[in-house]
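Trainee: Pasting in a structure now, in structure tokens, and then I'll have a few things to ask.
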Amino acid sequence: MKNLVSIVEIPAADLSRSVTFYQAILGILIEQTEMDGVQMGVFPSDGEGVSIVLAKGKDYKPTRDGAVVYLNAGDDLQTVLDKIGPNGGKVLVPKTQISPEMGFFAMFTDTEGNKLGLHSMH
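Residue 96 in UniProt numbering sits at position 96 of the sequence shown, with consecutive numbering throughout.
As structure tokens, this is what we get:
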């Protein structure tokens, strides 16, 4: 079965600040563009998986409520987690084991106030 999720939009109040935060914690380059009055920061993708976009527009409001998106933090999420505070985010739940088979998770808020999670196997 294919992945049921195709696109995730993370709301941003300040797109530049949000792009800077995610580039710093994930070590990626985010391409900025605009579509129909919505400013966007597009995460790199191989075109096969879920597309992730930072979005600033009148219908986008950062929130700690609702669905939580977990980002793949690579082999060990602690590497990403250690960058969150120094780059303006806040760690809500430290690295915590789910189970030996399912790996680890952590939760944080980004610079915009969104609550997100991290996942890794180690």
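Glycine included, each C-beta is placed from N, C-alpha and C at the ideal position.
Pick out the complete alpha helix (DSSP H) segments inside the segment 27 to 109, 4 residues or longer, and give them in chain order.
Mentor: With a minimum length of 4 residues, the continuous alpha helix (DSSP H) runs that stay inside the segment 27 to 109 are 78 to 84.
Trainee: Just to confirm my understanding: we take VAL8, look at its own chain, exclude 5 residues before and 5 after, and list those with CB closer than 8 Å. What are they?
Mentor: Closer than 8 Å at the Cβ level, and outside the excluded window around VAL8, lie VAL50, SER51, ILE52, VAL53, VAL69.
Trainee: If you count every other CB in all the chains shown that lies within 10 Å of the CB of MET40, and 16 or more means buried, which is it?
Mentor: With 16 or more other Cβ atoms within 10 Å, it is buried.
Trainee: Tell me, to the nearest whole angstrom, how far the beta carbon of PHE105 is from that of HIS119; I am working on the premise that it is less than 8 Å.
Mentor: Confirmed, about 5 Å.
Trainee: Can you check DSSP and say which residues form a bridge with SER16?
Mentor: Answer by DSSP bridge pairing: none, since SER16 is not bridged.
Trainee: Below 7 Å CB to CB, which residues in the same chain sit around PHE21 once its five sequence neighbours on both sides are set aside?
Mentor: ASN87, GLY88, GLY89, ASP110, THR111, listed in sequence order.
Trainee: For VAL8, write down the residues that DSSP places opposite it in a beta bridge.
Mentor: Per DSSP, ILE52.
Trainee: In the DSSP assignment, what residue or residues form a beta bridge with HIS119?
Mentor: For HIS119, which the question treats as bridged, DSSP gives the partners ASN72, PHE105.
Trainee: If we ignore side chains and look at the alpha-carbon of each, how far apart do ALA73 and THR33 end up?
Mentor: Answer to the nearest angstrom: the Cα atoms are 25 Å apart.
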